[in-house]
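Working notes, beginning with the structure itself.
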Amino acid sequence: MKTVDLTIREQKLRYAKPWLAIAYFSIPTVLIMLIQGFYNIIDKELALQFAALDLRQDPWYIQQYNLITKHNVTSIPLKDMQAFINVATQYTTQIYSLLWSFSLITGMGCAINFSLAYGRRDLLQMREIAGNGFSCTILFSIVSSLLMFCLIFPPWHAVFITSQMGGMYNNITNHLAWEYSYPMLLTTPLMFLSYYFVSLLRNEGRTNYVLLLITVSVFVNMGAGIFFMKVCHLKMEGAMLGTVVAWLWQIIVGFIIVFCSKSSYSQFKWQDVVKIKWSNITAFFKAGLSNFISNFALVVSSYLSTVLVVLLPNQEQYNGVSVLQELLSALNPWITLILSAGIGLTQGARTVIVYNYGAQKYHRIWQVLKITSYLLIIWFCLMLLLVIIFNREMMLMFAFPIQYVEKYKWWLVLCVCSYPFCATTFICFTLYQGINKTTLASVTTSFRAIFIAIPMICLGYGVSIWFNNSIYYFIFMGAIDFVSSLCLIPFLCYSWKKYHLQLIDHPDNFIPNVLKIKVQK
(Lines of atoms letter the chains of each structure in order from A; the text may use other names.)
(Lines give C-alpha, C1' and ligand atoms only; values in the text may rest on other atoms or scores of the structure.)
Protein backbone atom coordinates (compact mmCIF):
# COMPACT_ATOMS: atom_id res chain seq x y z
CA MET A 307 0.00 0.00 0.00
CA LYS A 308 1.46 3.35 -1.04
CA THR A 309 2.12 6.26 1.31
CA VAL A 310 0.45 9.58 0.45
CA ASP A 311 1.28 13.03 1.83
CA LEU A 312 -1.90 14.81 2.92
CA THR A 313 -2.24 18.55 3.36
CA ILE A 314 -3.56 19.90 6.65
CA ARG A 315 -6.89 20.64 4.93
CA GLU A 316 -7.22 17.02 3.77
CA GLN A 317 -6.33 15.73 7.22
CA LYS A 318 -9.15 17.77 8.74
CA LEU A 319 -11.60 16.70 6.04
CA ARG A 320 -10.85 12.99 6.53
CA TYR A 321 -9.85 12.52 10.14
CA ALA A 322 -10.83 15.46 12.38
CA LYS A 323 -13.77 15.02 14.75
CA PRO A 324 -17.03 15.90 12.92
CA TRP A 325 -17.77 18.97 15.05
CA LEU A 326 -14.20 20.19 14.59
CA ALA A 327 -14.36 19.68 10.81
CA ILE A 328 -17.66 21.60 10.69
CA ALA A 329 -16.18 24.40 12.79
CA TYR A 330 -13.05 24.57 10.63
CA PHE A 331 -14.91 24.70 7.32
CA SER A 332 -18.22 26.30 8.33
CA ILE A 333 -17.26 29.17 10.64
CA PRO A 334 -15.39 30.95 7.83
CA THR A 335 -18.20 30.29 5.32
CA VAL A 336 -20.83 31.53 7.79
CA LEU A 337 -18.82 34.70 8.31
CA ILE A 338 -18.30 35.00 4.56
CA MET A 339 -22.01 34.67 3.80
CA LEU A 340 -22.96 37.02 6.64
CA ILE A 341 -20.57 39.61 5.25
CA GLN A 342 -21.98 39.08 1.76
CA GLY A 343 -25.47 39.34 3.24
CA PHE A 344 -24.44 42.71 4.64
CA TYR A 345 -23.55 43.82 1.09
CA ASN A 346 -27.21 44.58 0.28
CA ILE A 347 -27.66 46.35 3.61
CA ILE A 348 -24.45 48.36 3.18
CA ASP A 349 -25.13 49.30 -0.46
CA LYS A 350 -28.70 50.29 0.34
CA GLU A 351 -27.68 52.30 3.41
CA LEU A 352 -24.89 54.09 1.52
CA ALA A 353 -27.31 55.03 -1.26
CA LEU A 354 -29.83 56.28 1.32
CA GLN A 355 -27.22 58.38 3.12
CA PHE A 356 -25.07 59.72 0.26
CA ALA A 357 -26.80 59.37 -3.12
CA ALA A 358 -30.05 60.81 -1.74
CA LEU A 359 -28.32 64.11 -0.93
CA ASP A 360 -27.49 64.76 -4.59
CA LEU A 361 -30.63 63.18 -6.02
CA ARG A 362 -32.95 65.43 -4.01
CA GLN A 363 -31.34 68.45 -5.74
CA ASP A 364 -31.48 66.96 -9.25
CA PRO A 365 -33.79 69.09 -11.51
CA TRP A 366 -35.22 66.06 -13.34
CA TYR A 367 -36.20 64.29 -10.12
CA ILE A 368 -37.63 67.52 -8.68
CA GLN A 369 -39.81 67.92 -11.77
CA GLN A 370 -41.06 64.34 -11.51
CA TYR A 371 -41.68 64.73 -7.78
CA ASN A 372 -43.80 67.84 -8.34
CA LEU A 373 -45.85 66.00 -10.97
CA ILE A 374 -46.50 63.09 -8.59
CA THR A 375 -47.27 65.08 -5.44
CA LYS A 376 -48.86 68.17 -7.07
CA HIS A 377 -46.40 70.30 -5.08
CA ASN A 378 -43.98 72.95 -6.26
CA VAL A 379 -40.76 72.31 -4.36
CA THR A 380 -37.21 73.27 -5.30
CA SER A 381 -35.68 70.41 -3.30
CA ILE A 382 -37.20 67.01 -2.60
CA PRO A 383 -37.58 66.27 1.14
CA LEU A 384 -34.80 63.90 2.17
CA LYS A 385 -37.16 61.32 3.71
CA ASP A 386 -39.22 61.20 0.52
CA MET A 387 -36.13 60.75 -1.66
CA GLN A 388 -34.93 57.96 0.61
CA ALA A 389 -38.33 56.27 0.34
CA PHE A 390 -38.00 56.26 -3.46
CA ILE A 391 -34.49 54.80 -3.18
CA ASN A 392 -35.75 52.12 -0.78
CA VAL A 393 -38.21 50.79 -3.38
CA ALA A 394 -35.83 51.24 -6.34
CA THR A 395 -33.16 49.17 -4.61
CA GLN A 396 -35.77 46.46 -4.01
CA TYR A 397 -36.16 46.17 -7.80
CA THR A 398 -32.40 46.22 -8.40
CA THR A 399 -31.75 43.66 -5.66
CA GLN A 400 -33.84 41.22 -7.65
CA ILE A 401 -31.78 42.00 -10.77
CA TYR A 402 -28.60 41.41 -8.76
CA SER A 403 -30.01 38.19 -7.29
CA LEU A 404 -31.01 36.91 -10.73
CA LEU A 405 -27.51 37.48 -12.10
CA TRP A 406 -26.08 35.91 -8.95
CA SER A 407 -28.27 32.85 -9.57
CA PHE A 408 -26.77 32.44 -13.03
CA SER A 409 -23.25 32.79 -11.59
CA LEU A 410 -23.92 29.80 -9.32
CA ILE A 411 -24.30 27.46 -12.30
CA THR A 412 -20.68 27.79 -13.35
CA GLY A 413 -19.13 28.97 -10.07
CA MET A 414 -20.65 26.39 -7.72
CA GLY A 415 -20.82 23.73 -10.44
CA CYS A 416 -17.08 24.05 -11.00
CA ALA A 417 -16.37 24.06 -7.24
CA ILE A 418 -18.42 20.92 -6.55
CA ASN A 419 -16.75 18.96 -9.35
CA PHE A 420 -13.40 20.25 -8.11
CA SER A 421 -14.20 18.87 -4.63
CA LEU A 422 -15.17 15.47 -6.03
CA ALA A 423 -11.84 15.28 -7.86
CA TYR A 424 -10.17 16.53 -4.68
CA GLY A 425 -11.63 13.63 -2.69
CA ARG A 426 -10.30 11.21 -5.34
CA ARG A 427 -6.94 13.08 -5.35
CA ASP A 428 -7.05 13.42 -9.15
CA LEU A 429 -4.71 16.40 -9.47
CA LEU A 430 -4.79 16.68 -13.28
CA GLN A 431 -8.57 16.68 -13.38
CA MET A 432 -8.69 19.31 -10.62
CA ARG A 433 -6.60 21.72 -12.70
CA GLU A 434 -8.57 20.95 -15.85
CA ILE A 435 -11.85 21.65 -14.03
CA ALA A 436 -10.50 24.94 -12.65
CA GLY A 437 -9.38 26.11 -16.11
CA ASN A 438 -12.57 25.06 -17.90
CA GLY A 439 -14.60 26.69 -15.13
CA PHE A 440 -12.76 29.99 -15.61
CA SER A 441 -13.55 30.21 -19.33
CA CYS A 442 -17.14 28.97 -18.95
CA THR A 443 -17.74 31.57 -16.24
CA ILE A 444 -16.72 34.43 -18.54
CA LEU A 445 -18.77 33.20 -21.50
CA PHE A 446 -21.88 32.53 -19.43
CA SER A 447 -21.65 35.92 -17.71
CA ILE A 448 -21.82 37.72 -21.06
CA VAL A 449 -24.94 35.80 -22.07
CA SER A 450 -26.59 36.48 -18.70
CA SER A 451 -25.80 40.20 -18.90
CA LEU A 452 -27.35 40.51 -22.36
CA LEU A 453 -30.48 38.74 -21.16
CA MET A 454 -30.93 41.11 -18.20
CA PHE A 455 -30.24 44.14 -20.40
CA CYS A 456 -33.21 43.21 -22.58
CA LEU A 457 -35.44 43.02 -19.49
CA ILE A 458 -34.55 46.36 -17.84
CA PHE A 459 -33.54 48.75 -20.69
CA PRO A 460 -35.89 51.79 -20.36
CA PRO A 461 -36.50 52.36 -24.12
CA TRP A 462 -37.63 48.71 -24.26
CA HIS A 463 -40.16 49.40 -21.47
CA ALA A 464 -38.01 47.90 -18.66
CA VAL A 465 -40.54 45.12 -18.27
CA PHE A 466 -38.78 43.48 -15.30
CA ILE A 467 -39.09 46.69 -13.27
CA THR A 468 -42.33 48.27 -14.46
CA SER A 469 -44.25 44.99 -14.12
CA GLN A 470 -43.62 45.13 -10.36
CA MET A 471 -45.34 48.50 -10.05
CA GLY A 472 -48.82 47.28 -10.94
CA GLY A 473 -51.07 50.26 -11.55
CA MET A 474 -48.77 52.50 -9.47
CA TYR A 475 -46.15 53.35 -12.12
CA ASN A 476 -43.54 55.69 -10.71
CA ASN A 477 -41.06 57.30 -13.06
CA ILE A 478 -38.68 58.22 -10.23
CA THR A 479 -38.18 54.66 -8.94
CA ASN A 480 -37.93 53.34 -12.52
CA HIS A 481 -35.15 55.80 -13.37
CA LEU A 482 -33.33 55.21 -10.07
CA ALA A 483 -33.38 51.46 -10.69
CA TRP A 484 -31.85 51.87 -14.16
CA GLU A 485 -29.10 54.22 -12.93
CA TYR A 486 -28.19 51.71 -10.24
CA SER A 487 -28.34 48.67 -12.54
CA TYR A 488 -26.54 49.53 -15.76
CA PRO A 489 -23.00 49.64 -14.23
CA MET A 490 -23.72 46.15 -12.89
CA LEU A 491 -24.69 44.90 -16.36
CA LEU A 492 -21.52 46.35 -17.90
CA THR A 493 -19.36 44.54 -15.32
CA THR A 494 -21.25 41.25 -14.97
CA PRO A 495 -18.13 39.17 -15.86
CA LEU A 496 -16.45 40.65 -12.77
CA MET A 497 -19.37 39.51 -10.58
CA PHE A 498 -19.21 35.98 -11.99
CA LEU A 499 -15.41 35.71 -11.72
CA SER A 500 -15.37 37.01 -8.15
CA TYR A 501 -17.79 34.26 -7.13
CA TYR A 502 -15.81 31.70 -9.17
CA PHE A 503 -12.63 32.41 -7.20
CA VAL A 504 -14.40 32.59 -3.84
CA SER A 505 -16.17 29.25 -4.32
CA LEU A 506 -13.08 27.54 -5.79
CA LEU A 507 -10.82 28.66 -2.95
CA ARG A 508 -13.46 27.74 -0.38
CA ASN A 509 -13.89 24.22 -1.75
CA GLU A 510 -10.12 23.76 -1.81
CA GLY A 511 -10.25 24.45 1.92
CA ARG A 512 -8.67 27.92 1.85
CA THR A 513 -11.47 29.39 3.91
CA ASN A 514 -9.20 31.65 5.96
CA TYR A 515 -7.98 33.33 2.78
CA VAL A 516 -11.55 33.67 1.56
CA LEU A 517 -12.68 35.15 4.87
CA LEU A 518 -9.90 37.74 4.75
CA LEU A 519 -10.66 38.43 1.09
CA ILE A 520 -14.38 39.00 1.68
CA THR A 521 -13.86 41.06 4.85
CA VAL A 522 -11.46 43.46 3.17
CA SER A 523 -13.73 43.69 0.12
CA VAL A 524 -16.53 45.08 2.33
CA PHE A 525 -14.32 47.99 3.34
CA VAL A 526 -13.21 48.41 -0.28
CA ASN A 527 -16.88 48.51 -1.29
CA MET A 528 -17.73 51.10 1.37
CA GLY A 529 -14.71 53.27 0.66
CA ALA A 530 -15.11 53.21 -3.11
CA GLY A 531 -18.89 53.75 -2.89
CA ILE A 532 -18.54 56.76 -0.60
CA PHE A 533 -15.80 58.18 -2.85
CA PHE A 534 -17.88 57.84 -6.02
CA MET A 535 -21.02 59.28 -4.39
CA LYS A 536 -19.60 61.97 -2.09
CA VAL A 537 -16.53 63.13 -4.05
CA CYS A 538 -17.47 62.31 -7.66
CA HIS A 539 -21.24 62.90 -7.16
CA LEU A 540 -22.15 59.89 -9.31
CA LYS A 541 -25.35 59.27 -7.30
CA MET A 542 -26.83 55.79 -7.82
CA GLU A 543 -24.11 54.82 -10.30
CA GLY A 544 -21.55 55.57 -7.61
CA ALA A 545 -23.25 53.20 -5.17
CA MET A 546 -22.95 50.32 -7.64
CA LEU A 547 -19.40 51.23 -8.70
CA GLY A 548 -18.29 50.64 -5.11
CA THR A 549 -19.47 47.03 -5.46
CA VAL A 550 -17.74 46.73 -8.84
CA VAL A 551 -14.41 47.78 -7.32
CA ALA A 552 -14.93 45.17 -4.57
CA TRP A 553 -15.48 42.47 -7.22
CA LEU A 554 -12.25 43.53 -8.97
CA TRP A 555 -10.39 43.32 -5.66
CA GLN A 556 -11.64 39.76 -5.10
CA ILE A 557 -10.54 38.67 -8.58
CA ILE A 558 -7.03 40.16 -8.28
CA VAL A 559 -6.42 38.63 -4.85
CA GLY A 560 -7.98 35.33 -6.01
CA PHE A 561 -5.45 35.14 -8.86
CA ILE A 562 -2.60 35.85 -6.45
CA ILE A 563 -3.69 33.15 -3.98
CA VAL A 564 -4.18 30.52 -6.69
CA PHE A 565 -0.99 31.10 -8.67
CA CYS A 566 1.43 32.19 -5.93
CA SER A 567 0.66 29.38 -3.50
CA LYS A 568 2.89 26.32 -3.84
CA SER A 569 0.29 23.95 -2.38
CA SER A 570 -2.60 25.08 -4.60
CA TYR A 571 -4.29 22.34 -6.66
CA SER A 572 -6.25 24.85 -8.77
CA GLN A 573 -3.32 26.32 -10.72
CA PHE A 574 -4.76 25.82 -14.18
CA LYS A 575 -2.73 26.32 -17.33
CA TRP A 576 -3.55 28.12 -20.58
CA GLN A 577 -4.59 24.92 -22.36
CA ASP A 578 -7.06 24.21 -19.53
CA VAL A 579 -8.75 27.54 -20.28
CA VAL A 580 -8.77 27.20 -24.07
CA LYS A 581 -9.54 23.48 -24.47
CA ILE A 582 -13.03 23.33 -23.02
CA LYS A 583 -14.44 19.83 -22.71
CA TRP A 584 -18.15 19.37 -23.23
CA SER A 585 -18.19 16.76 -20.46
CA ASN A 586 -16.96 19.39 -17.99
CA ILE A 587 -19.56 21.92 -19.13
CA THR A 588 -22.28 19.31 -18.65
CA ALA A 589 -20.91 18.43 -15.21
CA PHE A 590 -20.82 22.12 -14.20
CA PHE A 591 -24.42 22.70 -15.20
CA LYS A 592 -25.58 19.45 -13.64
CA ALA A 593 -23.87 20.17 -10.30
CA GLY A 594 -24.78 23.86 -10.24
CA LEU A 595 -28.39 23.43 -11.35
CA SER A 596 -29.79 22.85 -7.87
CA ASN A 597 -28.06 26.01 -6.59
CA PHE A 598 -29.43 27.95 -9.55
CA ILE A 599 -32.95 26.62 -9.04
CA SER A 600 -32.82 27.48 -5.34
CA ASN A 601 -31.75 31.08 -5.90
CA PHE A 602 -33.74 31.60 -9.09
CA ALA A 603 -36.90 30.40 -7.38
CA LEU A 604 -36.29 32.86 -4.55
CA VAL A 605 -36.04 35.63 -7.14
CA VAL A 606 -39.27 34.46 -8.79
CA SER A 607 -41.15 34.33 -5.48
CA SER A 608 -39.72 37.73 -4.47
CA TYR A 609 -40.72 39.16 -7.86
CA LEU A 610 -44.21 37.68 -7.61
CA SER A 611 -44.72 38.93 -4.06
CA THR A 612 -43.66 42.44 -5.14
CA VAL A 613 -46.02 42.36 -8.12
CA LEU A 614 -49.01 41.18 -6.08
CA VAL A 615 -48.45 43.32 -2.98
CA VAL A 616 -49.27 46.53 -4.86
CA LEU A 617 -52.62 45.00 -5.89
CA LEU A 618 -53.77 44.18 -2.34
CA PRO A 619 -56.92 45.89 -1.08
CA ASN A 620 -57.23 48.75 1.41
CA GLN A 621 -53.60 49.88 1.48
CA GLU A 622 -52.11 53.33 1.85
CA GLN A 623 -49.81 55.08 -0.61
CA TYR A 624 -46.82 57.24 0.21
CA ASN A 625 -45.82 59.65 -2.59
CA GLY A 626 -47.31 57.35 -5.21
CA VAL A 627 -45.65 54.22 -3.79
CA SER A 628 -47.47 51.38 -2.03
CA VAL A 629 -46.72 51.34 1.72
CA LEU A 630 -46.85 47.54 1.67
CA GLN A 631 -44.22 47.57 -1.08
CA GLU A 632 -42.13 49.82 1.17
CA LEU A 633 -42.58 47.16 3.88
CA LEU A 634 -41.28 44.37 1.63
CA SER A 635 -38.40 46.59 0.50
CA ALA A 636 -37.40 47.16 4.13
CA LEU A 637 -37.76 43.46 4.98
CA ASN A 638 -35.86 41.80 2.11
CA PRO A 639 -32.31 42.87 3.08
CA TRP A 640 -32.86 41.35 6.52
CA ILE A 641 -34.23 38.12 5.04
CA THR A 642 -31.13 37.92 2.85
CA LEU A 643 -28.93 38.34 5.92
CA ILE A 644 -30.82 35.69 7.92
CA LEU A 645 -30.64 33.16 5.09
CA SER A 646 -26.98 33.98 4.37
CA ALA A 647 -25.74 32.46 7.62
CA GLY A 648 -27.75 29.29 6.96
CA ILE A 649 -26.31 29.11 3.46
CA GLY A 650 -22.80 29.62 4.84
CA LEU A 651 -23.25 26.79 7.33
CA THR A 652 -24.48 24.43 4.61
CA GLN A 653 -21.63 25.41 2.29
CA GLY A 654 -19.03 24.50 4.90
CA ALA A 655 -20.82 21.26 5.79
CA ARG A 656 -21.23 20.43 2.12
CA THR A 657 -17.49 20.83 1.55
CA VAL A 658 -16.88 18.17 4.22
CA ILE A 659 -19.66 15.91 2.90
CA VAL A 660 -18.61 16.12 -0.77
CA TYR A 661 -15.00 15.30 0.06
CA ASN A 662 -15.96 12.36 2.29
CA TYR A 663 -18.42 11.08 -0.31
CA GLY A 664 -15.53 10.92 -2.76
CA ALA A 665 -13.44 9.23 -0.04
CA GLN A 666 -16.32 6.79 0.78
CA LYS A 667 -16.55 7.86 4.44
CA TYR A 668 -20.33 7.43 4.71
CA HIS A 669 -20.70 7.24 8.50
CA ARG A 670 -18.75 10.47 8.77
CA ILE A 671 -21.24 12.10 6.38
CA TRP A 672 -24.10 11.17 8.72
CA GLN A 673 -22.28 12.61 11.74
CA VAL A 674 -21.61 15.89 9.94
CA LEU A 675 -25.21 16.18 8.73
CA LYS A 676 -26.63 15.55 12.21
CA ILE A 677 -24.57 18.31 13.83
CA THR A 678 -25.35 20.70 10.96
CA SER A 679 -29.08 20.08 11.40
CA TYR A 680 -28.97 21.06 15.08
CA LEU A 681 -27.05 24.24 14.28
CA LEU A 682 -29.49 25.27 11.53
CA ILE A 683 -32.53 24.86 13.78
CA ILE A 684 -30.89 26.88 16.57
CA TRP A 685 -29.91 29.68 14.16
CA PHE A 686 -33.36 30.18 12.63
CA CYS A 687 -35.07 30.10 16.05
CA LEU A 688 -32.67 32.76 17.28
CA MET A 689 -33.31 34.95 14.23
CA LEU A 690 -37.08 34.75 14.71
CA LEU A 691 -36.61 35.94 18.28
CA LEU A 692 -34.48 38.89 17.14
CA VAL A 693 -37.07 39.93 14.53
CA ILE A 694 -39.77 39.91 17.23
CA ILE A 695 -37.62 42.13 19.47
CA PHE A 696 -36.17 44.56 16.89
CA ASN A 697 -38.86 44.73 14.17
CA ARG A 698 -39.37 48.48 14.57
CA GLU A 699 -35.66 49.29 14.23
CA MET A 700 -35.33 46.98 11.21
CA MET A 701 -38.09 48.87 9.38
CA LEU A 702 -36.85 52.38 10.20
CA MET A 703 -33.29 51.63 9.08
CA PHE A 704 -34.44 51.54 5.45
CA ALA A 705 -36.57 54.69 5.44
CA PHE A 706 -39.92 53.00 6.03
CA PRO A 707 -42.43 55.84 6.69
CA ILE A 708 -42.40 56.27 10.46
CA GLN A 709 -46.11 57.05 10.66
CA TYR A 710 -46.92 53.49 9.51
CA VAL A 711 -44.42 51.59 11.70
CA GLU A 712 -46.74 50.81 14.61
CA LYS A 713 -49.40 49.45 12.27
CA TYR A 714 -47.17 47.20 10.18
CA LYS A 715 -44.31 46.08 12.46
CA TRP A 716 -46.12 42.85 13.39
CA TRP A 717 -46.85 42.18 9.73
CA LEU A 718 -43.08 41.92 9.32
CA VAL A 719 -42.99 39.26 12.06
CA LEU A 720 -45.77 37.35 10.27
CA CYS A 721 -43.53 37.06 7.19
CA VAL A 722 -40.84 35.13 9.08
CA CYS A 723 -42.91 33.36 11.75
CA SER A 724 -42.20 29.84 10.42
CA TYR A 725 -38.50 30.38 9.63
CA PRO A 726 -37.33 27.71 12.13
CA PHE A 727 -38.87 25.17 9.72
CA CYS A 728 -36.65 26.58 6.95
CA ALA A 729 -33.90 24.38 8.40
CA THR A 730 -35.51 21.33 6.73
CA THR A 731 -34.90 22.78 3.26
CA PHE A 732 -31.26 23.51 4.07
CA ILE A 733 -30.75 20.01 5.51
CA CYS A 734 -32.11 18.36 2.35
CA PHE A 735 -30.05 20.61 0.12
CA THR A 736 -26.84 19.94 2.07
CA LEU A 737 -27.32 16.17 2.04
CA TYR A 738 -28.39 15.60 -1.55
CA GLN A 739 -25.95 17.99 -3.13
CA GLY A 740 -23.16 16.69 -0.91
CA ILE A 741 -23.69 13.08 -2.03
CA ASN A 742 -24.04 14.19 -5.68
CA LYS A 743 -27.78 13.42 -5.93
CA THR A 744 -28.35 16.47 -8.12
CA THR A 745 -31.90 15.56 -9.13
CA LEU A 746 -33.01 15.13 -5.52
CA ALA A 747 -31.20 18.33 -4.56
CA SER A 748 -33.04 20.21 -7.31
CA VAL A 749 -36.42 18.69 -6.43
CA THR A 750 -36.21 19.30 -2.68
CA THR A 751 -34.95 22.84 -3.24
CA SER A 752 -37.78 23.50 -5.68
CA PHE A 753 -40.38 22.39 -3.14
CA ARG A 754 -39.95 25.46 -0.98
CA ALA A 755 -39.18 28.03 -3.62
CA ILE A 756 -41.53 26.96 -6.42
CA PHE A 757 -44.07 24.29 -5.52
CA ILE A 758 -44.87 25.77 -2.09
CA ALA A 759 -43.91 29.46 -2.08
CA ILE A 760 -45.55 30.51 -5.34
CA PRO A 761 -48.93 28.78 -4.69
CA MET A 762 -48.94 30.08 -1.09
CA ILE A 763 -48.29 33.65 -2.26
CA CYS A 764 -51.06 33.40 -4.86
CA LEU A 765 -53.41 31.82 -2.32
CA GLY A 766 -52.64 34.58 0.17
CA TYR A 767 -53.43 37.17 -2.48
CA GLY A 768 -56.73 35.46 -3.31
CA VAL A 769 -57.79 35.22 0.34
CA SER A 770 -56.87 38.89 0.90
CA ILE A 771 -59.05 39.92 -2.04
CA TRP A 772 -61.88 37.65 -0.85
CA PHE A 773 -61.91 39.06 2.70
CA ASN A 774 -60.83 42.56 1.61
CA ASN A 775 -57.95 42.46 4.12
CA SER A 776 -54.27 42.54 3.11
CA ILE A 777 -52.99 40.89 6.29
CA TYR A 778 -53.89 37.41 4.99
CA TYR A 779 -51.28 37.86 2.26
CA PHE A 780 -48.54 38.14 4.89
CA ILE A 781 -49.97 35.28 6.97
CA PHE A 782 -49.72 32.92 4.00
CA MET A 783 -46.21 34.18 3.19
CA GLY A 784 -45.18 33.40 6.75
CA ALA A 785 -46.54 29.84 6.55
CA ILE A 786 -44.43 28.89 3.49
CA ASP A 787 -41.61 27.23 5.43
CA PHE A 788 -43.97 25.28 7.68
CA VAL A 789 -45.82 23.76 4.71
CA SER A 790 -42.54 23.13 2.89
CA SER A 791 -41.14 21.29 5.90
CA LEU A 792 -44.16 18.97 6.01
CA CYS A 793 -43.49 18.06 2.36
CA LEU A 794 -39.72 17.55 2.73
CA ILE A 795 -39.60 15.43 5.90
CA PRO A 796 -40.78 12.30 3.97
CA PHE A 797 -37.75 12.69 1.65
CA LEU A 798 -35.39 12.57 4.62
CA CYS A 799 -37.25 9.61 6.15
CA TYR A 800 -37.03 7.70 2.86
CA SER A 801 -33.30 8.43 2.54
CA TRP A 802 -32.67 7.23 6.10
CA LYS A 803 -34.62 4.03 5.52
CA LYS A 804 -32.75 3.35 2.27
CA TYR A 805 -29.19 4.21 3.29
CA HIS A 806 -28.84 3.87 7.08
CA LEU A 807 -27.42 0.32 6.84
CA GLN A 808 -24.74 1.57 4.41
CA LEU A 809 -23.38 4.26 6.75
CA ILE A 810 -19.89 2.84 7.16
CA ASP A 811 -16.47 4.37 6.54
CA HIS A 812 -14.46 2.45 3.93
CA PRO A 813 -10.75 2.12 4.76
CA ASP A 814 -8.26 4.20 2.78
CA ASN A 815 -6.38 2.51 -0.05
CA PHE A 816 -3.21 4.33 1.01
CA ILE A 817 -1.24 5.11 4.17
CA PRO A 818 -1.56 8.78 5.14
CA ASN A 819 1.93 10.13 5.76
CA VAL A 820 0.81 12.15 8.77
CA LEU A 821 -0.45 8.99 10.53
CA LYS A 822 2.62 6.98 9.58
CA ILE A 823 4.90 9.56 11.19
CA LYS A 824 2.75 9.54 14.30
CA VAL A 825 3.06 5.75 14.60
CA GLN A 826 6.85 5.87 14.15
CA LYS A 827 7.11 8.35 17.02
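Per this note's numbering, the sequence shown starts with residue 307, numbered consecutively.
Where is the CB? At the ideal position from N, CA and C, for every residue including glycine.
- With contact defined as three or more Cβ pairs closer than 8 Å, the region 773-789 and the region 714-733 are in contact.
- Within the model, the alpha-carbon separation for residue 631 versus residue 393 is close to 7 Å.
- For residue 669, the enclosing alpha helix (DSSP H) has its first and last residue at 668-702.
- Scanning 734, 738 and 766 for the CA closest to the CA of residue 795 turns up 734.
- Around residue 656, the same chain offers 736, 739 and 740 as residues with beta carbons nearer than 7 Å, after the five sequence neighbours per side are excluded.
- Look at the beta carbons and you see the region 492-503 not touching the region 320-332: under three pairs across the two are nearer than 8 Å.
- Annotation: the continuous alpha helix (DSSP H) that includes residue 432 extends over 429-458.
- For residue 358, the CB contacts under 7 Å within the same chain, skipping 5 residues up- and downstream, are 384, 387, 388 and 391 in chain order.
- Residue 605 sits buried, since 16 or more C-beta atoms from the chains shown fall within 10 Å of its C-beta.
- For residue 385, the enclosing alpha helix (DSSP H) covers residues 384-426.
- Note on geometry: alpha-carbon atoms of residue 426 and residue 551 lie some 37 Å from one another.
- Residue 774 sits exposed, since fewer than 16 C-beta atoms from the chains shown fall within 10 Å of its C-beta.
- A check of alpha carbon separations from residue 732 across 337, 651 and 703 identifies 651 as the nearest.
- Counting along the chain, the unbroken alpha helix (DSSP H) around residue 360 starts and ends at 358-361.
- Taking one beta carbon from each stretch, the region 483-497 and the region 539-553 have 3 or more pairs nearer than 8 Å; the two touch.
- If you draw a straight line from the Cα of residue 679 to the Cα of residue 378, it is about 58 Å long.
- By alpha-carbon distance to residue 526, the top candidate from 546, 647, 717 and 492 is 546.
- The straight-line gap separating the alpha-carbon atoms of residue 382 and residue 362 is approximately 5 Å.
- Residue range 711-721 is occupied by the alpha helix (DSSP H) that includes residue 721.
- The criterion of a C-beta distance shorter than 8 Å is satisfied by residue 742 and residue 422.
- When DSSP states are grouped into helix, strand and coil, residue 313 belongs to the coil group.
- Cβ neighbours of residue 640 within its own chain (closer than 7 Å, five residues either side excluded): 700.
- Pairing residue 522 with residue 504 gives a Cβ-Cβ distance that is not under 8 Å.
- With respect to residue 590, residue 744 sits apart: the two C-beta atoms are not nearer than 8 Å.
- Under the DSSP assignment, residue 541 falls in the alpha helix (DSSP H) whose first and last residues are 541-566.
- From the listed residues 670, 673 and 319, the smallest Cα separation to residue 510 is found for 319.
- In the structure shown, residue 621 adopts coil according to DSSP, grouped into three states.
- DSSP places residue 572 outside both helix and strand once states are collapsed to three, so it counts as coil.
- Taking C-beta atoms as the reference points, residue 808 and residue 668 count as a pair closer than 8 Å.
- In the three-state DSSP reduction, residue 500 falls in the helix class (H, G or I).
- The alpha-carbon of residue 531 is positioned some 39 Å away from that of residue 620.
- By DSSP's assignment, residue 811 forms a beta bridge with 667.
- Here residue 436 is near residue 578, since their CB atoms are less than 8 Å apart.
- Of all C-beta pairs linking the region 393-403 to the region 554-572, fewer than three are shorter than 8 Å, placing the two stretches out of contact.
- For residue 351, the enclosing alpha helix (DSSP H) begins and ends at 324-352.
- Residue 779 places its beta carbon less than 8 Å from that of residue 770.
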